[in-house]
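Novice:
2 protein chains.
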Amino acid sequence: MNQYWSDTVCRLDPYIPGEQPQNRQYIKLNTNENPYPPSPAVAQVIQNFDIGTLRLYPDPESKALKQALADHHQISSEQVFIGNGSDEVLAHAFQSFFKQSKPLLFPDISYSFYPAYCALYDIEYTKIELDSNFCIDLNAFNRNNGGIILPNPNAPTGIALALTEIKTLLENTRSVVVVDEAYVDFGADSADCLIDSYDNLLVVQTFSKSRSLAGLRLGYALGNANLIEALNRVKNSFNSYPVDHLASAAAIASIEDQAYFQQCNRQVIESREDLSTKLRTLGFLVYPSSSNFVFVKHSKKAAVDIYEALKQAGILVRYFKSPRINNCLRISVGTDNECNALVNALNSILSK
Amino acid sequence: MNQYWSDTVCRLDPYIPGEQPQNRQYIKLNTNENPYPPSPAVAQVIQNFDIGTLRLYPDPESKALKQALADHHQISSEQVFIGNGSDEVLAHAFQSFFKQSKPLLFPDISYSFYPAYCALYDIEYTKIELDSNFCIDLNAFNRNNGGIILPNPNAPTGIALALTEIKTLLENTRSVVVVDEAYVDFGADSADCLIDSYDNLLVVQTFSKSRSLAGLRLGYALGNANLIEALNRVKNSFNSYPVDHLASAAAIASIEDQAYFQQCNRQVIESREDLSTKLRTLGFLVYPSSSNFVFVKHSKKAAVDIYEALKQAGILVRYFKSPRINNCLRISVGTDNECNALVNALNSILSK
Numbered sequence: 002m003n004q005y006w007s008d009t010v011c012r013l014d015p016y017i018p019g020e021q022p023q024n025r026q027y028i029k030l031n032t033n034e035n036p037y038p039p040s041p042a043v044a045q046v047i048q049n050f051d052i053g054t055l056r057l058y059p060d061p062e063s064k065a066l067k068q069a070l071a072d073h074h075q076i077s078s079e080q081v082f083i084g085n086g087s088d089e090v091l092a093h094a095f096q097s098f099f100k101q102s103k104p105l106l107f108p109d110i111s112y113s114f115y116p117a118y119c120a121l122y123d124i125e126y127t128k129i130e131l132d133s134n135f136c137i138d139l140n141a142f143n144r145n146n147g148g149i150i151l152p153n154p155n156a157p158t159g160i161a162l163a164l165t166e167i168k169t170l171l172e173n174t175r176s177v178v179v180v181d182e183a184y185v186d187f188g189a190d191s192a193d194c195l196i197d198s199y200d201n202l203l204v205v206q207t208f209s210k211s212r213s214l215a216g217l218r219l220g221y222a223l224g225n226a227n228l229i230e231a232l233n234r235v236k237n238s239f240n241s242y243p244v245d246h247l248a249s250a251a252a253i254a255s256i257e258d259q260a261y262f263q264q265c266n267r268q269v270i271e272s273r274e275d276l277s278t279k280l281r282t283l284g285f286l287v288y289p290s291s292s293n294f295v296f297v298k299h300s301k302k303a304a305v306d307i308y309e310a311l312k313q314a315g316i317l318v319r320y321f322k323s324p325r326i327n328n329c330l331r332i333s334v335g336t337d338n339e340c341n342a343l344v345n346a347l348n349s350i351l352s353k
Numbered sequence: 002m003n004q005y006w007s008d009t010v011c012r013l014d015p016y017i018p019g020e021q022p023q024n025r026q027y028i029k030l031n032t033n034e035n036p037y038p039p040s041p042a043v044a045q046v047i048q049n050f051d052i053g054t055l056r057l058y059p060d061p062e063s064k065a066l067k068q069a070l071a072d073h074h075q076i077s078s079e080q081v082f083i084g085n086g087s088d089e090v091l092a093h094a095f096q097s098f099f100k101q102s103k104p105l106l107f108p109d110i111s112y113s114f115y116p117a118y119c120a121l122y123d124i125e126y127t128k129i130e131l132d133s134n135f136c137i138d139l140n141a142f143n144r145n146n147g148g149i150i151l152p153n154p155n156a157p158t159g160i161a162l163a164l165t166e167i168k169t170l171l172e173n174t175r176s177v178v179v180v181d182e183a184y185v186d187f188g189a190d191s192a193d194c195l196i197d198s199y200d201n202l203l204v205v206q207t208f209s210k211s212r213s214l215a216g217l218r219l220g221y222a223l224g225n226a227n228l229i230e231a232l233n234r235v236k237n238s239f240n241s242y243p244v245d246h247l248a249s250a251a252a253i254a255s256i257e258d259q260a261y262f263q264q265c266n267r268q269v270i271e272s273r274e275d276l277s278t279k280l281r282t283l284g285f286l287v288y289p290s291s292s293n294f295v296f297v298k299h300s301k302k303a304a305v306d307i308y309e310a311l312k313q314a315g316i317l318v319r320y321f322k323s324p325r326i327n328n329c330l331r332i333s334v335g336t337d338n339e340c341n342a343l344v345n346a347l348n349s350i351l352s353k
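As they're listed, the protein sequences go chains A and B.
For what it's worth, the numbering used here labels the leading residue of the first sequence as 2, then goes sequentially.
For what it's worth, the numbering used here labels the leading residue of the second sequence as 2, then goes sequentially.
1. Considering only the beta carbon of each residue, do aspartate 60/B and glutamine 21/A sit closer than 7 Å?
2. Looking at the C-beta of valine 10/A, does it have a partner C-beta in chain B at a distance below 7 Å?
3. Closer than 8 Å, Cβ to Cβ, to anything on chain A: give me those residues from the region 212-227 of chain B, in chain order.
4. Rounded to the nearest angstrom, how far is the Cβ of proline 39/B from that of arginine 56/A, given a contact under 8 Å?
5. Give me the Cα-Cα distance between isoleucine 47/B and aspartate 190/A, rounded to the nearest whole angstrom.
6. If I follow the unbroken beta strand (DSSP E) through phenylalanine 82/B, where does it start and stop?
7. Glycine 19/A and threonine 32/A look like a contact to me (Cβ under 8 Å); what is the Cβ gap, rounded to whole Å?
8. Name the one or two DSSP bridge partners that valine 180/B has.
9. Who are the near neighbours of leucine 347/A in its chain, counting only those whose CB is closer than 8 Å to its CB and skipping five residues on each side?
10. Could you tell me the distance, in whole angstroms, from the CA atom of asparagine 293/B to the CA atom of leucine 203/B?
11. Mind checking the region 64-79 of chain B against chain A and listing, in chain order, the residues whose C-beta falls within less than 9 Å of any C-beta there?
12. If you scan the region 16-58 of chain A from start to end, which runs of the beta strand (DSSP E) of 3 or more residues do you find wholly inside it?
13. For serine 249/B and alanine 117/B, what's the separation of their Cα atoms in angstroms?
14. Which residue wins for smallest C-alpha separation from valine 10/A, given the options Asp123/A, Asn49/A, Glu79/A?
15. Between the region 124-143 of chain A and the region 263-282 of chain B, do at least 3 Cβ pairs fall closer than 8 Å?
16. Is it the case that the Cβ atoms of alanine 252/B and leucine 66/B are separated by a distance below 7 Å?
17. For a test of your reading of the model: does the CB of valine 180/B fall under 6 Å from any non-hydrogen atom of the ligand HEM? Yes or no.
18. Using a beta-carbon distance below 7 Å, is serine 97/B in contact with chain A?
19. Leaving out five residues before and five after arginine 12/A in sequence, what residues of the same chain have Cβ atoms less than 6 Å from its Cβ?
20. Flag phenylalanine 294/B as yes if its beta-carbon sits less than 7 Å from any beta-carbon of chain A, otherwise no.
21. Leaving aside the five residues before and after leucine 247/B along the sequence, list all residues of the same chain whose C-beta is less than 7 Å from its C-beta, in chain order.
22. Mapping DSSP to helix, strand and coil, what is arginine 273/B?
23. In the structure shown, what three-state DSSP assignment does threonine 127/A receive?
24. Identify the residues that DSSP records as bridge partners of proline 108/A: which are they?
25. Which one of Asn225/B, Val235/B, Gly220/B, Glu257/B has the shortest CA to CA distance from valine 244/B?
26. When the Cα atoms are used, what is the spatial distance from lysine 391/B to isoleucine 229/B?
27. Ignore the nearest five residues each way along the sequence and tell me which others in leucine 276/B's own chain have a CB closer than 7 Å to its CB.
28. By the 10 Å Cβ neighbour count, where 16 or more other Cβ atoms means buried, how is glycine 86/B classified, buried or exposed?
29. If you draw a straight line from the C-alpha of serine 111/A to the C-alpha of isoleucine 326/A, how long is it?
30. Taking all protein chains shown into account, decide if asparagine 201/A is buried (16 or more other Cβ within 10 angstroms of its Cβ) or exposed.
31. In chain order, what residues of the same chain lie with their CB nearer than 8 Å to the CB of isoleucine 270/A, ignoring the 5 residues before and after it?
32. Mind listing the chain B neighbours of serine 241/A? Cutoff is C-beta to C-beta under 7 Å, in chain order.
33. Any C-beta of chain B sitting closer than 7 Å to the C-beta of asparagine 35/A?
34. Which first and last residues belong to the beta strand (DSSP E) in which serine 213/A is found?
35. Assuming alanine 222/A contacts leucine 232/A under a Cβ cut-off of 8 Å, what Cβ separation, rounded to an integer in Å, is found between them?
36. Determine the contact status of serine 7/B and serine 97/A, defining contact as a CB-CB distance below 7 Å.
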């Protein structure tokens with residue numbers, strides 16, 4: 002009974018996030034959350050927060066957080082846009098830049114939210130095939146387009162492009178290029194240093210992964226002030242105050258604790274390399290990851306069977322039914338204990 | 002230099018929120034915030050929150066909060082939608098229901114965000130004039146339309162419709178009717194009891210005013226499960242996790258403290274009536290308010306001059322430049338001390 006729905010609602014194909022079981026009995030390696038808690042400075046700022054001020058609206062422009070991010074990335078605060086998670090920032094970017102007469106381009110294997118945004122805003126798109134090694138072939142993006150978006154490192158493959166390659170892409174592109182850097186802190190190079198040189202570059206980052214704040218919903222974009230103004234115009238026609246007081250205070254505390262940030266990221270990278278070695282020993286092809294997850298394919302056993310068996314064993318990983326990757330698994334890097342539990346479970350599953 | 006902007010961005014006319022000075026030196030009576038802090042239960046739940054869990058994404062469906070709201074409104078959780086502030090909920094509702102071949106109807110003097118949403122989603126609209134007493138004339142809505150939205154009580158007038166009038170409107174309307182009840186807890190009757198009878202009714206409420214949680218960004222909609230499904234489809238094509246862990250926990254704590262909620266609302270209503278009497282004595286026409294603000298017009302002095310003089314005196318109220326109301330002021334009800342400071346300042350301004 003859809004008589005009341007707009008045509009938009011009828012054509013949607015919503016994104017399906019990874020399972021978030023509300024009982025905590027699983028080892029959760031399915032949604033690329035950080036295995037470590039946020040900086041202790043975050044706990045301190047929240048526990049000491051003056052709750053009485055929650056009666057007031059937050060600063061609609063999030064000026065203090067913008068300045069902290071600008072300082073961190075060595076840019077100006079007019080080059081920063083902040084939203085309620087990078088998914089919201091991406092949504093605004095799709096509406097701001099990608100509704101064009103020519104199609105948007107993105108990799109065929111990529112963040113599965115992109116086609117959902119296209120349906121939401123009625124944006125035409127063309128998927129560009131990854132090569133046979135699941136790498137992004139940038140030459141294939143050198144065609145007529147109304148915009149380009151790609152994750153770097155790519156998800157769910159974890160494979161990163163070099164900054165020189167991003168630069169070449171920007172040299173060859175006259176439309177807006179969004180580089181979605183959700184996982185960049187785990188070993189890839191950010192394009193944040195290029196925004197002064199390319200006025201069509203928008204870099205999107207998040208506090209959800211490398212800053213362990215998925216539960217507080219914070220994402221941001223960096224780019225030329227003209228691109229940021231477009232995002233602000235959309236945001237101010239949608240929701241004046243997307244970032245709440247507590248999220249803002251926590252984010253600033255997180256940015257200021259640079260030592261903890263680097264230490265956690267180093268630990269995740271070490272665990273990833275260790276896990277990759279062990280998975281190869283178990284007969285997995287492990288794609289070279291620059292992120293906080295590994296993308297793997299077993300030489301003998303079907304991915305869906307491994308996924309189900311792991312779930313039975315209390316371990317959640319991510320399985321995608323999509324073409325080309327329906328025999329792969331994406332596994333988030335957990336603590337060393339969690340990784341060991343995974344390896345032990347796989348050992349038992351694969352030896353059956 | 003807008004070469005990168007979509008047509009949408011170019012046509013926008015963003016909403017301008019009331020001033021949020023980041024220094025706290027003003028008496029803020031300009032954005033209808035509650036003068037009282039949130040329930041002590043909110044402080045407790047936030048101070049005792051396990052910050053480590055912020056590394057995890059929140060429940061994308063906010064099941065626990067939905068159930069708390071369903072219980073509070075005596076409906077089922079399939080009839081509840083939750084978002085990052087009622088502004089976000091309204092935005093999704095505009096996209097879900099109001100993009101139709103016939104125009105959306107709303108009062109000419111109303112929440113000034115409505116035309117901004119229409120620009121964002123390219124929705125045609127017709128403004129229906131309030132009568133000469135600034136009351137909504139529901140007969141005038143009895144015309145060809147693709148949807149109706151009205152605040153009850155209306156903003157910025159504060160004047161409420163009776164539930165019987167809302168019912169008559171619903172009887173006469175075949176499109177979706179959104180009743181925006183941001184201020185309903187300060188003396189009007191909610192239409193939440195009508196959602197089982199009218200499958201085209203969506204009731205929108207917020208935690209920002211009567212629950213003193215503007216700083217945490219929480220709003221929600223109540224309606225037939227079919228309308229809620231449309232909102233979920235849009236939300237899941239936009240941002241899977243709009244409500245963060247802390248906001249969700251705080252909201253549940255707030256709902257559970259019914260006694261505090263009622264006590265604060267009673268206090269605001271008492272202060273409003275007292276303030277209204279004093280303002281009338283000072284020569285103001287005070288419209289009959291069922292909200293946490295009063296809408297006033299002075300018999301002699303221009304509203305813009307009073308606004309400026311109050312600002313000089315450290316008191317912020319809201320002045321709108323819009324036609325018909327550009328000689329009125331909207332004044333939020335503060336604590337009794339704040340209201341007295343306002344009355345004293347007005348006394349001095351008006352006697353000059």
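Yeah, the Cβ is synthetic: ideal placement off N, Cα and C, and Gly gets one too.
Specialist: This is what the structure holds:
1. Yes, the Cβ-Cβ distance between aspartate 60/B and glutamine 21/A is below 7 Å.
2. Under the Cβ distance rule, valine 10/A counts among the residues neighbouring chain B, one pair being separated by less than 7 Å.
3. Closer than 8 Å at the C-beta level to chain A, one finds these residues of the region 212-227 of chain B: Ser213, Leu214, Ala215, Gly216, Leu217, Arg218, Asn227.
4. With 8 Å as the limit, proline 39/B and arginine 56/A qualify as a contact, their Cβ atoms being about 6 Å apart.
5. The alpha-carbon atoms of isoleucine 47/B and aspartate 190/A are separated by roughly 36 Å.
6. Run containing phenylalanine 82/B: 81-84, per the beta strand (DSSP E) assignment.
7. Right, the Cβ-Cβ distance comes to about 4 Å (below 8 Å), so this counts as a contact.
8. Valine 180/B pairs with Leu151/B, Val204/B.
9. Hits under 8 Å: Leu280, Leu283, Ile307, Leu311.
10. Just so you know, the alpha carbons of asparagine 293/B and leucine 203/B end up roughly 22 Å apart.
11. Residues passing the 9 Å Cβ filter: Lys64, Ala65.
12. You should have found no qualifying run.
13. Rounded to the nearest angstrom, the two C-alpha atoms are 28 Å apart.
14. The shortest C-alpha separation from valine 10/A is found at Asp123/A.
15. At 8 Å Cβ cutoff, the stretches do not touch.
16. When the beta-carbon positions are compared, alanine 252/B and leucine 66/B come within less than 7 Å of each other.
17. Of ligands this structure carries none, so the ligand HEM is not represented either.
18. So yes, serine 97/B belongs to the interface.
19. Listed in chain order, the non-local C-beta contacts of arginine 12/A below 6 Å within the same chain comprise Ala120, local neighbours out to five positions each way being set aside.
20. Against chain A, the CB of phenylalanine 294/B has no partner CB under 7 Å away; the residue lies outside that interface.
21. Beyond the five residues adjoining it in sequence on each side, leucine 247/B comes within less than 7 Å, by CB distance, of Ile47, Phe50 in the same chain, given in chain order.
22. In the structure shown, arginine 273/B falls within a helical segment according to DSSP collapsed to helix, strand and coil.
23. If DSSP states are grouped into helix, strand and coil, threonine 127/A belongs with the strands.
24. DSSP lists Ile129/A as partners of proline 108/A.
25. Out of Asn225/B, Val235/B, Gly220/B, Glu257/B, Gly220/B has the C-alpha closest to the C-alpha of valine 244/B.
26. A question about residue 391/B goes unanswered here, because the residues of chain B that appear run from 2 up to 353.
27. Same-chain partners within the cutoff: Val295, Val334, Cys340.
28. Label assigned to glycine 86/B: buried.
29. Rounded to whole angstroms, serine 111/A to isoleucine 326/A spans 11 Å at the Cα level.
30. Counting every other CB atom within 10 Å of its CB across the protein chains shown gives asparagine 201/A a total of 16 or more, marking it as buried.
31. Phe187, Gly188.
32. Per Cβ cutoff of 7 Å: Tyr16, Pro18, Asp88.
33. The Cβ of asparagine 35/A sits closer than 7 Å to at least one Cβ of chain B.
34. For serine 213/A, no beta strand (DSSP E) encloses it, and the DSSP letter there is neither H nor E.
35. A Cβ-Cβ distance of about 6 Å is found for the pair alanine 222/A and leucine 232/A, placing them in contact under the 8 Å criterion.
36. Result yes, Cβ atoms of serine 7/B and serine 97/A sit closer than 7 Å.
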